[in-house]
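K.L.:
In full-length UniProt numbering, the protein residues as written are 1 to 92.
#1: Report yes or no: is there a C-beta of chain B within less than 8 Å of the C-beta of residue 6?
#2: If you reduce the DSSP assignment to three classes, tell me which class residue 20 lands in.
#3: State the DSSP-derived secondary structure class of residue 2, mapped to helix, strand or coil.
#4: Could you tell me the alpha carbon to alpha carbon distance between residue 16 and residue 22, rounded to whole angstroms?
#5: Suppose you measure from the CA of residue 65 to the CA of residue 46; what does that come to, to the nearest Å?
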């Protein structure tokens, strides 16, 4: 269909298409800016400087072992002091 034969139809189509493009322009700009923000916030966990989940999990379990050992030592010390205290009270 040749639109040159129907100038009013061509003008109306151009107006509708142009208006639709203008309406979508602001939403498109918003989406592009959001995508840029997402890309900037991306954390590359495969980078060599990133400790990664495996290393983090290993470090976490090591720290938990250290904390548990410290708590056990403290508990033994308190238990030993109570034992000494109760032994000393029995002697008197």
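Note that CB positions come from ideal geometry on N, CA and C, so glycine has one too. Model, not experiment: these values are computed from the prediction.
P.N.:
According to the data block:
#1: The structure shown has no chain B; it contains just one protein chain.
#2: Counting from 1 along the chain shown, the entry for residue 20 is found at position 20. DSSP places residue 20 in helix when its eight states are reduced to three.
#3: Counted from its first residue, the chain shown places residue 2 at position 2. Three-state DSSP puts residue 2 in coil, outside helix and strand.
#4: Against the chain shown, residue 16 aligns to sequence position 16. Against the chain shown, residue 22 aligns to sequence position 22. C-alpha separation (whole angstroms): 10 Å.
#5: In the chain shown, residue 65 corresponds to position 65, counting from 1. In the chain shown, residue 46 corresponds to position 46, counting from 1. Looking at the two C-alpha atoms, the distance is approximately 27 Å.
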